[in-house]
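Q: Protein chains in written order, with our numbering: chain A, 1 to 354; chain B, 355 to 708.
Note that beta-carbon positions come from the ideal geometry of N, C-alpha and C, so glycine has one too.
Only a predicted model underlies this, so the values are computations on that prediction, with no experimental measurement involved.
(1) Count the other C-beta atoms from every protein chain shown that fall within 10 angstroms of the C-beta of residue 287 of chain A, then say buried if there are 16 or more, exposed otherwise.
(2) Could you run through the stretch 519-532 of chain B and flag, in chain order, every residue whose CB is less than 7 Å away from some CB of chain A?
(3) Can you pull the chain A neighbours of residue 495 of chain B, defined as C-beta to C-beta under 8 Å?
(4) What do you reckon, are the CB atoms on residue 188 of chain A and residue 212 of chain A nearer than 7 Å?
(5) Starting from residue 558 of chain B, follow its DSSP beta bridges and name the residues at the other end.
(6) For a test of the three-state rule: what should DSSP assign to residue 228 of chain A, helix, strand or coil?
(7) Taking only beta-carbon atoms, is residue 96 of chain A less than 7 Å away from chain B?
(8) Distance cutoff 7 Å, beta carbons only. Does residue 454 of chain B sit that close to anything in chain A?
(9) How big is the Cα-Cα spacing for residue 355 of chain A and residue 64 of chain A?
(10) Curious, which full-length alpha helix (DSSP H) runs of at least 4 residues does the stretch 262-299 of chain A contain?
(11) Spell out the partners DSSP gives residue 682 of chain B in its beta bridges.
(12) Between the stretch 52-59 of chain A and the stretch 317-327 of chain A, are three or more C-beta pairs nearer than 8 Å?
(13) Use the C-beta contact count for residue 3 of chain A: other C-beta atoms within 10 angstroms, 16 or more gives buried, fewer gives exposed.
(14) Using beta carbons (cut-off 7 Å, strictly below), is residue 219 of chain A in contact with chain B?
(15) Put residue 212 of chain A into one of helix, strand or coil per three-state DSSP.
(16) Of the choices B/654, B/470, B/384 and B/372, whose alpha-carbon is the least far from that of residue 359 of chain B?
(17) Rounding to the nearest angstrom, what Cα-Cα distance links residue 645 of chain B and residue 577 of chain B in this structure?
(18) Taking just the CA atoms, how far does residue 547 of chain B sit from residue 680 of chain B?
(19) Whose CA, out of A/253, A/275 and A/276, lies closest to the CA of residue 265 of chain A?
(20) Could you name the residues of chain A that residue 547 of chain B contacts, counting a contact when the two beta carbons are closer than 9 Å?
(21) Starting from the Cα of residue 697 of chain B, find the closest Cα among B/706, B/491, B/657 and B/628 and give me that residue.
(22) Quick one: is residue 70 of chain A buried, meaning 16 or more other Cβ sit within 10 Å of its Cβ, or exposed?
(23) For residue 499 of chain B, count the other beta carbons within 10 Å of its own beta carbon; 16 or more makes it buried, fewer makes it exposed. Which is it?
(24) In this structure, how does DSSP classify residue 548 of chain B when only helix, strand and coil are distinguished?
(25) Return yes when the C-beta of residue 658 of chain B is under 6 Å from any heavy atom of the ligand NAD, and no when it is not.
(26) Tell me, please, which residues DSSP counts as bridged to residue 470 of chain B.
(27) What residue range does the beta strand (DSSP E) around residue 188 of chain A cover?
(28) Would you check if there are 3 or more beta carbon pairs closer than 8 Å linking the stretch 260-274 of chain A to the stretch 229-242 of chain A?
(29) For the putative contact between residue 1 of chain A and residue 68 of chain A, defined by C-beta atoms under 8 Å, what is the C-beta separation to the nearest angstrom?
(30) Which residues in the same chain have their Cβ closer than 7 Å to the Cβ of residue 345 of chain A, if we skip the five residues on either side of it in sequence?
(31) With a threshold of 8 Å, are at least 3 pairs of Cβ atoms found where one atom belongs to the stretch 462-481 of chain B and the other to the stretch 121-136 of chain A?
(32) Here's the rule I'm using: 16 or more other beta-carbon atoms within 10 Å means buried, otherwise exposed. How should residue 448 of chain B be labelled?
(33) Helix, strand or coil: which one does DSSP assign to residue 525 of chain B?
(34) Give every residue of the same chain whose Cβ lies closer than 6 Å to the Cβ of residue 9 of chain A, excluding the five residues on either side of it in the sequence, and list them in chain order.
(35) Taking the alpha carbon of residue 26 of chain A as the point to measure from, which residue in A/97, A/73, A/91 and A/235 has its own alpha carbon closest?
(36) Just grab the DSSP bridge partners of residue 427 of chain B for me.
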């Protein structure tokens, strides 16, 4: 059996659950490598993956005998099969943060377990800890992102629109072996940069604009995430102190990030320093990155956990002056026992383009 | 108050509900025009939209005083506000097909309604009937899709990869004023066309290949959907009878589609004719199109409703010979009292490219 499913079975055992219904396709992909629509049933004796005719061929081509997963076409599964999967089970886990209320009710009717039990994100929490293969895929996604950024520095010219730049990013990722964007690219210039979650517009880049570019790609399912704020033509004097303050905090956070570091403190350190200067940290300081662009752990003041080895998280402080401008600088970083390794490595000093 | 919210209030009244929590952003957009993350509360006295700082500015710029929607920042809403929204309400509707089981439990704690009641897709069902403005937006999306297809016929050359063609489609939509793709483009050539839901690959187009192109864009939120199966170099004799059978059925379906037509019969007519020739209709015959690419009504044998005026649906029969080839032909069409109007209008006769 594959090691991730073995881990899950042991975990369920410890929670006094006799099985689990895994419905979230990201969790299914994490456990099995399968990238399809369907449901994974961890039952007492066997592991089943139920999908439909669209995916059967591909799913079977991905799995090996060592996976020990029985693949079925949903049209071949009848009422009694469903009832038998979890018969005599007291507690069967389900993903309460993924399945809808309507699906929950359907599962309650379909599977004859005594109780469907919430699993409190066990899989999402386990996904925080990346194994070697996952780290190397994220590394690859980050490296392509760095290369894309180098390309952009030559590409961007005053007079281009934000959308043209965003489109060039997509083209670059398309031509360089990725699965595409890990999220919708943000290119926000001038006043538009003052919105932390700006949408990319048809605004043209003007001399003196800061340009915040927040982007990333997927490589074999795994994401990268990087932001740089660069400048068109020259660096306006009024932006420099804000840029320096954001960068100082980004670098200090990178120094602080390592196994054992308290997450809330990490956030508060930046927020406090921003407040000392009359600003504040209006969004979270970062988030986990993996098969999804936003994963556990979330780096904010509500999180009372600490960082652990092999987490991959972003470090992205930002300051936003409504109607004026904003600065955000972000890396994707791997947590180790003794520190962190930035997987995105592009320059963070003032960069002037155009 | 805007007419869609007024409609919803009357509908809720008839269902003996004193309010509704609208969480699905597509439904919120349908009712209000708001394209953001947040929750719309239809309470006894007022309509509230609760969002966060990222969207406040934009949301306020979209709404007018006539919308009669009070917009709040989520950080300003406390426990007692939540309790007061639905106090003294017996039944408050929620979207059981959208919100997760965990969110349902959170709502139960947060809102002090006596009962949260399933609404059985009232909004999704209302969205089946497009008003004039919605139709004109879908029309525009379809017209851009037709233009893109004309462009492709000049662009596609033998030796190009499927991905190159898919990418050209994306580029076209980007450069022609759309919001982007309405779904991931399918370009499936040669044997790849034998999968009804093929993924676009790096396979090169070869002489004699059928090429199934299934694509669409979004215009101001509204989708288009069209498929054509074209040929590289020449039309192979063995494909002609299949192509003709699919096209005959697509044209016949278009003739049958009008207000009052039984949906199940529409599906069965095609399936029966396919079976007479030794094939069958392995996927649904079509689906509604609007703010989402797949909406009600779903045109399959399980649907015992009939077509109504102002529905916009696809008409997409297909035949697939595993390991050999497939043919699918699809239009997006508007249902009227007396017939249907194809909103995608590209040629459906044999087309040879390359």
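A: In short, the structure shows the following:
(1) buried
(2) Those would be 521 and 528, in chain order.
(3) Under the 8 Å cutoff, chain A gives no residues; its nearest Cβ is about 18 Å from residue 495 of chain B.
(4) Yes.
(5) In the DSSP output, where bridge partners are listed per residue, residue 558 of chain B has B/515.
(6) Taken through DSSP and simplified to helix, strand or coil, residue 228 of chain A comes out as strand.
(7) Yes, residue 96 of chain A lies at the interface with chain B (some Cβ there is under 7 Å from its Cβ).
(8) Using a Cβ-Cβ cut-off of 7 Å, residue 454 of chain B counts as an interface residue toward chain A, since at least one Cβ of chain A sits closer than that to its own.
(9) What the structure shows of chain A is the stretch from 1 to 354, and residue 355 of chain A is not part of that stretch, so it cannot be assessed.
(10) Counting whole runs of 4 or more residues, the stretch 262-299 of chain A contains the alpha helix (DSSP H) stretches 263-276.
(11) B/672
(12) Between the stretch 52-59 of chain A and the stretch 317-327 of chain A there are fewer than three inter-stretch CB-CB distances shorter than 8 Å, so the stretches are not counted as touching.
(13) With fewer than 16 other Cβ atoms inside 10 Å of its own Cβ, residue 3 of chain A counts as exposed.
(14) no
(15) Looking at residue 212 of chain A - three-state DSSP - the assignment turns out to be strand.
(16) When each option's Cα is compared against that of residue 359 of chain B, the closest is B/384.
(17) 6 Å
(18) Each residue's Cα considered, the two are about 5 Å apart.
(19) A/253
(20) Result: empty, since nearest Cβ-Cβ is about 14 Å, beyond 9 Å.
(21) Comparing Cα positions, the closest option is B/491.
(22) exposed
(23) buried
(24) helix
(25) Of the ligands one can find in the structure shown there are none, so the ligand NAD has no counterpart to examine.
(26) B/446
(27) 186-189
(28) no
(29) 5 Å
(30) 146
(31) no
(32) buried
(33) helix
(34) Taken in chain order, the list of residues that qualify is empty.
(35) A/97
(36) B/405
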